[in-house]
Every structure is written in structure tokens, then in C-alpha cells.
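Under our numbering, the first residue of the sequence shown is numbered 107, with each subsequent residue one higher. Have a look at the structure below, then the notes.
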Amino acid sequence: MRSRSGTELRTVICKDCGLVWSDPFPHDPRQFYEEDYRLEYKNTYAPKAKHILRAGRVAVNRHEKIKHLLHKPQTMLDVGTGGGEFAYLIKSLGHDLHGIEPNKGYGQYSAAQYDLNLQFGFIQDAPFEENSFDLITIWHVLEHTEDPFFVLGKLRSLLKPDGVLVVEVPNIEATCQSPSSTFHEAHLYNFNLATLRRMGEKAGLLENRHLFSEDGGNVTLFFKKAESVADQTANWGIAENAERITAIVRGHTNLRHYMRAAPYLRFIKRMTRSLLENRDVKGFDNNKSLLDQLYRGL
């Protein structure tokens, strides 16, 4: 199987539960995300204005998903702050925001630009105190980690007993993207709702609710902390999930994909967005003022 970059990528699936991953990993995750990731995908160590505007709009969307949890000041942890747009939004709303980001370029940029309370490094190694956060968010990060089960267990330990963990990942069942874009080197693991829920349960987390994005491309799970860690020797399989995922992925062919109107409408939408972004970033003397304008009124 080939990745979206066109290179060979060996992708396997667990027949018992349906978890999908790259085997072997196409890179050293620690080195890749600390040094190379942003350069490969954004061609820069510091985000450009159009990237900030785009990420700011994503931050607004993410705030919409969690605003029911923000009725009073929260002590929050955002894992993988990236360019800092979401973390800055949460901070500007008066919450005690802590962040962690492994990429040096983006981390140093966001800490300086938005005066964020930010640690540099990987959540697996972070020295945060246990039971210290009301709310933890990890947006499109879990699929990049070399051991997502360990990460979920770590985040569980950081949650207060009544805290909430919000996890968002790409949905392996999605057919909104072209078939050639289903897998790529950056995503070491691929989840559907069932495998993300089950991995959370095994790590001592219970689903509170879940959401799918409008195009089905992302799944967001809200976890609560179970009273105790689950029995690791139990059967954690998910009946027929591997068969379900395999059928969807194999059935998502180029012919079926491009016989629909959706990919062409998506292309037009992306081109229109790009043109509007070039227009909308003009007139701002710095990136922080761009976000301030976008977040006004939230």
C-alpha cells in the first residue's frame, strides 16, 4: 500500500479489534515530530499568516465542541499546541491553560507570540502532577504517537476525578478524502470510533459522548475517568470491527470516489478558501492581531 506521498507504506490491521497501524514505523517518531514534521508539511518552522488564520478558524470550531465544559474557569492542558492558536483562544477566555508541544520551531514561536504557559517535549515524558487538570484536549495528536495506549493512560493520570479528556483523531472509515490520501507517514495509527473507545476503556477511560465531523473525516470522543484502571488481561477484541474497516477501505476506490460530486465540491471549496485567506490576512501588522480579530465576540 502507498502513502499519500506515493511511497510504500506497510499498513496492517488487528484481526481481533480493528486497530490499524504502520508496521514498521516509517520514521523515528521522536526525531520526526521534534525536528522534521513541520518542515515536511508546512515548509516552515514558524506558521505563515494564512496557516494561522486557518488554524484560528479550526480553534473556533474546537471551542464550539467544548464550550459546554467551559461554564467556569478551568485548569486545562492542551497536548500538541502546534502554532498555539487554540491554546491562545482558551487563555484569552480566562482559563488556566497549560500546553505541551514537541516541535521546537512551532513551540518556541507560539510561546513567544502568545505568552503561553508551554512546555517543550512529548506528553509521554511530561512532569505534570497527577489529578491536576479539569479538562485535557488532544486534537489530532494521538495518531502520531508511538504508543497511543500509554498516552491515554498518562492523560488519565493527569485528570482530576471529575475531569474530562477530549480526543479527536481522523476516522479510518472516512471516504471524504481521495483513496490515495487514506494513509500517510505522519499517522502511525488509524482509529474508528470503536477502536478509540475500546483503547480508552482499556486505559481506564469511559466514553461520555462522541461527535463526527460533518464530512465524517474526524471523530471526537469525550472521556471521563473510570474509578480504576481496567483488567489488562481481559478480552479487548471488537467483534467484526476489522472486517468492517477492511470492507470500507477496500470499497473506497478511485472509481467510486470520483463518480460522486463530493470530491469536486471539496476541491472548489479548498480553492475558494485559499483565495479568501490571501485576502483576509492583508492589513494585519502581526499574527496575534489577526487572531484577536477572529476571536472577538466568543
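Ideal Cβ positions, reconstructed from N, Cα and C, are used throughout, including at glycine.
Nearest-angstrom Cα separation, counted from residue j out to residue i
i: PHE390; j: LEU396; result: 6 Å
i: LYS173; j: VAL166; result: 10 Å
i: LEU224; j: ALA367; result: 43 Å
i: ARG362; j: CYS120; result: 26 Å
i: LYS197; j: ASP398; result: 12 Å
i: MET182; j: ARG262; result: 13 Å
i: THR251; j: TYR370; result: 33 Å
i: ALA300; j: LYS331; result: 18 Å
i: TRP127; j: THR243; result: 22 Å
i: LEU400; j: VAL387; result: 11 Å
i: THR326; j: PRO254; result: 15 Å
i: ARG80; j: LEU264; result: Past the edges of the chain, shown from 107 to 404, lies residue 80, and the structure says nothing about it.
i: GLU346; j: CYS123; result: 8 Å
i: HIS177; j: ALA218; result: 28 Å
i: GLN214; j: GLU274; result: 24 Å
i: GLU249; j: GLU349; result: 21 Å
i: SER216; j: TYR139; result: 16 Å
i: GLU114; j: ASP268; result: 44 Å
i: LEU203; j: GLY189; result: 15 Å
i: LEU311; j: PHE329; result: 6 Å
i: PRO276; j: GLU320; result: 13 Å
i: GLN47; j: GLY205; result: Nothing in the structure corresponds to residue 47, since the chain is present only between 107 and 404.
i: GLY322; j: LEU271; result: 21 Å
i: LYS394; j: LEU195; result: 11 Å
i: ALA232; j: GLU207; result: 10 Å
i: GLU410; j: LEU302; result: Residue coverage of the chain in this structure runs from 107 to 404, which leaves residue 410 outside it and unanswerable.
Buried versus exposed call for residue i [16 or more other C-beta atoms within 10 Å across all chains shown]
i: THR378; result: exposed
i: GLY162; result: buried
i: ASP240; result: buried
i: SER111; result: exposed
i: GLN338; result: exposed
i: PRO179; result: exposed
i: GLY200; result: exposed
i: GLU170; result: exposed
i: VAL118; result: exposed
i: ARG304; result: buried
i: ILE374; result: exposed
i: TYR295; result: buried
i: LEU222; result: buried
i: ASP184; result: buried
i: ASN341; result: exposed
i: PHE228; result: buried
Simplified DSSP state of residue i, which is helix, strand or coil
i: PHE138; result: helix
i: MET305; result: helix
i: MET365; result: coil
i: HIS316; result: strand
i: GLU279; result: coil
i: LEU125; result: coil
i: ILE344; result: coil
i: PHE373; result: helix
i: PHE256; result: helix
i: ASN296; result: strand
i: LEU175; result: helix
i: GLU291; result: coil
i: LEU261; result: helix
i: LEU311; result: strand
Range of the contiguous beta strand (DSSP E) that encloses residue i
i: GLN225; result: 224-226
i: VAL275; result: 265-276
i: ASN324; result: 324-331
i: VAL355; result: Careful: VAL355 lies outside any beta strand (DSSP E), inside the alpha helix (DSSP H) at 347-357.
i: THR117; result: 117-119
Opening and closing residue of the alpha helix (DSSP H) in which residue i lies
i: ASP398; result: 393-401
i: LEU159; result: 155-172
Proximity test, residue i beta-carbon vs the ligand GTP heavy atom, cut-off 7 Å
i: ARG379; result: Questions concerning the ligand GTP fall outside what the structure shown contains, since it holds no ligand whatsoever.
Complete alpha helix (DSSP H) runs within the region 181-250 (minimum length 4 residues, chain order): 191-198, 210-220
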